[in-house]
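Presented below is the structure to which this report refers.
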Amino acid sequence: MLGCGGVDSEATTGDERMVQAQGAMADEFEVKADVESGVSCNSEQRKLAEAHMVKHHSSFAKMDSCEIVSINYTLYIRYTYYF
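To get the numbering used here, take the position in the sequence shown, counting from 1, and add 1495.
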């Protein structure tokens, strides 16, 4: 979980491999997708990100943005959120 000061954490969920907190109010997790990096999430990916956000951060958090990013040739969903 993301703690005070943006401490990194790892957790596993369903099909997602690893959760890596990137800083306060943002997160990302690995996904299996046949899309390009830098595109907005589709509705299914956004639902996955929202479920991840509620499970790992807070049910009070609100999704701000959601996009597919490539890190070391692996695709991730990166999202930002606020309260």
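A virtual CB, placed ideally from N, CA and C, is assigned to each residue, including glycine.
How is residue 1549 classed by DSSP in three states: helix, strand or coil? Residue 1549 carries a helical assignment under DSSP once its states are collapsed to helix, strand and coil.
State the Cα-Cα distance for the pair residue 1540 and residue 1562, rounded to the nearest angstrom. CA-to-CA, the gap between residue 1540 and residue 1562 works out to about 9 Å.
Would a C-beta distance cut-off of 7 Å place residue 1569 and residue 1523 closer than the cut-off? Cβ distance not < 7 Å, so residue 1569 and residue 1523 don't count as in contact.
As assigned by DSSP and simplified to three states, the class of residue 1542: The DSSP-derived three-state label of residue 1542 is helix.
Do residue 1571 and residue 1559 have their C-beta atoms closer together than 7 Å? Note that the C-beta distance between residue 1571 and residue 1559 is not below 7 Å.
In terms of residue numbering, what span does the beta strand (DSSP E) encompassing residue 1568 cover? Where residue 1568 is concerned, there is no enclosing beta strand (DSSP E), given that its DSSP letter is neither H nor E.
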